[in-house]
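Okay, so here's the structure we're looking at.
In this note's numbering, the protein residues as written are 610 to 833.
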């Protein structure tokens, strides 16, 4: 029994030492340059959508050595698309809460590495606004609609991403969503399947900045 206790204690101490050395947190924000391929009985004209608010993320990194590691975390993003059909301009967007899982390879001591992985996002708040007679501009009458936990979009969206991390916490990332953004089974108040033939594929390029927060947390604890 004593041997088991000693072995267990040594194991806990070794894991604690490893965690203090190799596991750390980063937090920050990003700006998104969003693109879309939209079809509804044929291709629909779209515009790039640029957003910087509200994008927040916190990530936990585990470095196995100075060259290979993994990370996961939580991220809040504003994701959507813009269409122009006839004289109508329409913007649809959701706030998404995502959980990524990625592997990274590079020179961690120099803060340079490549990374890639997948993510699942929960689409929890929907907003739609459009200008009926704007000729592709945001002019004139505007109609707006919002909904929490909507069925207009798919609730969960899987995606794949890859990117490059640079010194001082900067990184560039490309992400592609694997599923139709809109819910083709959605039925409106008139009983119509208004999105049955609407296919929306989203992808974006992001510029992000993340800083390590474990050192800051330790300093705050000391001051307290």
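Using N, Cα and C, we set each Cβ at its ideal position, and we do this for glycine too. The structure displayed is predicted, hence computed values, not measured ones.
Worksheet item: Any idea which residues DSSP pairs residue 631 with across the strands?
Response: Looking at the DSSP output, residue 631 bridges to nothing.
Discussion item. Considering just the uninterrupted stretch of the beta strand (DSSP E) at residue 657, what are its terminal residues?
Written reply: No beta strand (DSSP E) contains residue 657, which DSSP labels as neither H nor E.
Discussion item. Give the list of continuous beta strand (DSSP E) stretches no shorter than 3 residues that lie fully inside the region 722-774.
Written reply: Those beta strand (DSSP E) runs which fall completely within the region 722-774 and span 3+ residues are 752-757, 765-774.
Discussion item. What does DSSP give as the partner residue(s) for residue 821 in the beta ladder?
Written reply: 635.
Discussion item. Check whether the region 767-776 and the region 716-734 are in contact - that is, three or more C-beta pairs closer than 8 Å.
Written reply: With a cut-off of 8 Å on Cβ pairs, the region 767-776 is in contact with the region 716-734, counting three or more such pairs.
Worksheet entry | 9 Å Cβ cutoff met for residue 636 and residue 666 | At the C-beta level, residue 636 and residue 666 come within 9 Å of one another.
Practice prompt. On the DSSP bridge assignment, give the partners of residue 643 in chain order.
Written response: Note: residue 643 sits in a beta bridge opposite 658, 813.
Worksheet item: Taking the C-alpha atoms as reference points, what is the distance between residue 792 and residue 763?
Response: About 5 Å.
Worksheet entry | Under 9 Å between C-beta atoms of residue 685 and residue 660 | 9 Å or more divides the Cβ of residue 685 from the Cβ of residue 660.
Worksheet item: Between the C-alpha atoms of residue 675 and residue 633, what's the straight-line distance to the nearest angstrom?
Response: Rounded to whole angstroms, residue 675 to residue 633 spans 14 Å at the Cα level.
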